[in-house]
Amino acid sequence: MRDTLSVLPLTVTDLVFAAGGRPLVDGIGFTLPKGGLTVLIGPNGSGKSLTLRLCHGLLTPTSGVVSWAAADGVVGGVKRHAMVFQKPVMLRRSARANMLHALAAFGLSRSERATRCAEALERFGLAGLAERPARLMSGGEQQRLAIARAWALRPQVLFLDEPTSQLDPGATRQIEEMLMALRGEGMTLVMATHDMGQARRLADRVLFLNRGRLGEDAAAAPFFAGPASPEARAFIAGDLVW
Amino acid sequence: MDISQSFAAAIGLILGGDPAFLAIVGLSLTVTLSAVAIAALIGLPLGALLALARFPGRGAVIVLVNALMGLPPVVAGLLVFLLLSRSGPLGPLGLLFTPTAMVAAQTLLVLPIVIAITRQLTEDLHGEYREHLASIGLTGISAIPTLLWDGRFALATAILAGFGRASAEVGAVLIVGGNIAGYTRTMTTAIALETSKGDLPLALGLGIVLILLTLAINAVTYGASRVGARFAG
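Residue numbers (my numbering), protein chains in the order written: chain A, 464 to 705; chain B, -1 to 231.
Following this line, the structure appears as structure tokens:
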């Protein structure tokens, strides 16, 4: 694998995304180095999901720059960042066909597709479900497939938009364990969540967003010990009370 | 001959395998299936394109296509007649009063149904898939094959609806085909003619075949939606 060519660091500068004249993401800037799990946390409507989509290239910023070390996060013609959504997007096909479809979209040869597909199904414990129509699998299985599908594309960076917010605690734990394993293997993870417990369990670094602005950018331990900004303190306190 | 005798004679025609009777049924199926195949070939990609494309006047095009679903068959027949008549732009081809002309007229009837339903289905599906497809690099028209394939069971329903419309219509094939015995006589034109001539067994026999055909179409449609549900969840 030619992983020597990195798309990281990702540098986001003065990112603005406005809709109807209202800035929903308002001047966010941060640098994402290689490795670790960065959590975007903040209340609903704080711009977490939009920021992920802007970084992943699904949305075009109104102004500001999303700059990868390699242009568009593409190395050797292959996009090296992937995304997993809150509600997993499952094609109306079997689990295996879902995986093969994404691999085909990346222009891989038939044999390479088959190899990576088998590998991903095995690794994420989906081999027994391979022929099951994806949309008939449980929510947890679907999200696992979504992560496996993204993983098969060999991304250096994986964006996750509240991947467990619709799952039960058991499935959530499974997904969290997978994410920890991926991080352990050197994949760079960026996850939006509003679940404080999850952020505490997983985060190496916290970006606290509030009303489209970056309220705080801190290592996880000091952030949870005592956030610098009053907004973050209020958010954590509110969460604890709730 | 009273009704029950006509009915018995009609059943006899169907079971007896009368060559003239079979020829009429065969021509009807050939014409309609050809028209549906051509309409699907053109209409599926065009409908998907209309679902994804954004251009000025798109709304008007969608309204127009939807309205054309209700195009009266006689008007479709008239349009093709004008095109193919000796003084029309395609007159030199000499296609008027041939099965080819009938296929053209029925294609015109089926095409708006296929385009309109494909457009609606593809647009809904794309709304659901858009972010994932964009994430793996399938934006714009490169998303169309995925959308058509995943919508295949619902789209089969659209095509069967088109088949139903074409197989039941009489106006278009009558105008451009001319109802020539043994050449352009279909089930519907034959029923219209034989009823007015008083040959009720033939009309009834063909009518029964048409109804069985409609039943079969609906059974297949139902089957397709059931199979589709297994994948769609």
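Glycine residues also receive a C-beta, built at the ideal position from the N, C-alpha and C atoms.
Verify whether the separation of the beta carbon atoms of Ser133(B) and His519(A) is less than 9 angstroms.
Going by C-beta atoms, Ser133(B) is nearer than 9 angstroms to His519(A).
Pick from Pro693(A), Ser572(A) and Ala558(A): whose alpha carbon is nearest that of Glu594(A)?
Out of Pro693(A), Ser572(A) and Ala558(A), Ala558(A) has the C-alpha closest to the C-alpha of Glu594(A).
Sort Ala65(B), Ile22(B), Phe5(B) and Ser4(B) by Cα distance to Ser165(B) and report the nearest one.
The option with the nearest alpha carbon to Ser165(B) is Ile22(B).
Do you know offhand how far His238(B)'s Cα is from Arg646(A)'s?
Summary: the structure shown does not reach residue 238(B), with chain B confined to residues -1 through 231, and so no result is reported for it.
Which same chain residues, not among the five before or five after Arg668(A), have their C-beta less than 8 angstroms away from its C-beta?
Cβ neighbours of Arg668(A) beyond the five flanking positions: Gly499, Leu500, Thr501, Val502, Asp680, Ala681, Ala682 and Ala683.
Strictly below 7 angstroms CB to CB, what residues from chain B border Ala593(A)?
In chain order: nothing, as chain B lies at least about 15 angstroms away.
Can a CB atom of chain B be found closer than 9 angstroms to the CB of Arg543(A)?
Closer than 9 angstroms: no.
Tell me the DSSP secondary structure of Lys542(A) in three-state form.
DSSP places Lys542(A) in strand when its eight states are reduced to three.
Check Asn673(A) in the structure and name its three-state DSSP category.
DSSP places Asn673(A) in strand when its eight states are reduced to three.
Would you mind sorting Met562(A) into buried or exposed? The rule is 16 or more other CB atoms within 10 Å of its CB.
Buried, since its Cβ has 16 or more Cβ neighbours within 10 Å.
Hey, how far is the Cα of Tyr181(B) from the Cα of Ala597(A)?
Cα-Cα distance, rounded: 51 angstroms.
Taking 9 angstroms as the CB-CB cut-off, is Glu126(B) touching chain A?
For Glu126(B), the answer is yes, since a Cβ of chain A falls inside 9 angstroms of its Cβ.
Counting only runs that start and end within the region 624 to 670 of chain A, where is the alpha helix (DSSP H) found for 4 or more residues in a row?
Taking only runs of at least 4 residues, the alpha helix (DSSP H) segments lying wholly in the region 624 to 670 of chain A are 632 to 647 and 659 to 665.
Taking the C-alpha atoms as reference points, what is the distance between Thr603(A) and Ala634(A)?
The amino acid occupying residue 603(A) in the given sequence is Gly; Thr does not appear at that position. Cα-Cα distance, rounded: 5 angstroms.
So, for Arg576(A): in the same chain, excluding its five sequence neighbours on each side, which residues have a beta-carbon less than 8 angstroms away from its beta-carbon?
For Arg576(A), where only same-chain residues beyond five positions count, the Cβ hits under 8 angstroms are Leu563, Leu566 and Ala567.
Please confirm whether Leu11(B) and Leu200(B) have their CB atoms less than 9 angstroms apart.
The answer is yes: Cβ separation under 9 angstroms.
Starting from Ser512(A) and walking both ways along the alpha helix (DSSP H), at which residues does that stretch end?
Ser512(A) -> alpha helix (DSSP H) spans Lys511 to His519.
If we count the other Cβ atoms within 10 Å of its Cβ and call it buried at 16 or more, is Tyr220(B) buried or exposed?
Result: exposed.
Whose C-beta lies closer than 7 angstroms to the C-beta of Arg663(A) among residues of the same chain, with five residues either side of it excluded?
For Arg663(A), where only same-chain residues beyond five positions count, the Cβ hits under 7 angstroms are Phe687.
Going along chain B, which residues have a C-beta under 9 angstroms from Val552(A)?
Simply Glu126, Tyr127, Arg128, Glu129, His130, Leu131 and Ser133.
Suppose you measure from the CA of Gly226(B) to the CA of Leu153(B); what does that come to, to the nearest Å?
Their backbone Cα atoms lie some 10 angstroms apart in a straight line.
Check Asp535(A) in the structure and name its three-state DSSP category.
Asp535(A) falls in the helix class under three-state DSSP.
Considering only C-alpha positions, which residue in the set Gly149(B), Thr155(B), Thr120(B) and Arg150(B) is nearest to Gly138(B)?
Closest by alpha carbon: Thr120(B).
Quick one: is Phe548(A) near chain B, going by C-beta distance under 9 angstroms?
By this cut-off, Phe548(A) is an interface position.
How about Leu616(A): is its C-beta nearer than 9 angstroms to some C-beta of chain B?
Yes, contact with chain B.
Is there contact here, the region 602 to 621 of chain A with the region 535 to 552 of chain A, by at least three beta-carbon pairs under 8 angstroms?
Touching, per the Cβ criterion.
Could you check what DSSP says for Gly162(B) in three-state terms: helix, strand or coil?
Of the three classes helix, strand and coil, the one that applies to Gly162(B) here is helix, per DSSP.
When we look at the beta-carbon of Arg56(B) and count the other beta-carbons within 10 Å, is it buried (16 or more) or exposed?
Label assigned to Arg56(B): exposed.
Which residues in chain B sit within 8 angstroms of Ala565(A), going by Cβ to Cβ distance?
Chain B residues near Ala565(A): Ile134.
Going by C-alpha to C-alpha distance, which of Val207(B), Asp197(B), Phe53(B) and Ala217(B) sits closest to Ser4(B)?
Closest option to Ser4(B), Cα to Cα, is Asp197(B).
Could you name the residues that DSSP lists as bridge partners for Phe686(A)?
Phe686(A) is not bridged to any residue.
Among Ala534(A), Ser512(A), Ser469(A) and Gln606(A), which has the Cα closest to the Cα of Val488(A)?
Checked all of Ala534(A), Ser512(A), Ser469(A) and Gln606(A); the closest Cα to Val488(A) is Ser512(A).
Identify each residue in the region 512 to 524 of chain A for which the Cβ-Cβ distance to at least one residue of chain B is less than 7 angstroms, and report them in chain order.
Result list: His519 and Leu521.
State yes or no: is the beta carbon of Pro626(A) nearer than 9 angstroms to at least one beta carbon in chain B?
Cβ-Cβ to chain B under 9 angstroms: no for Pro626(A).
Just the chain A side, please: which residues come within less than 9 angstroms of Thr212(B) by C-beta, in chain order?
Those within 9 angstroms of Thr212(B) in chain A number zero; the least Cβ separation is about 28 angstroms.
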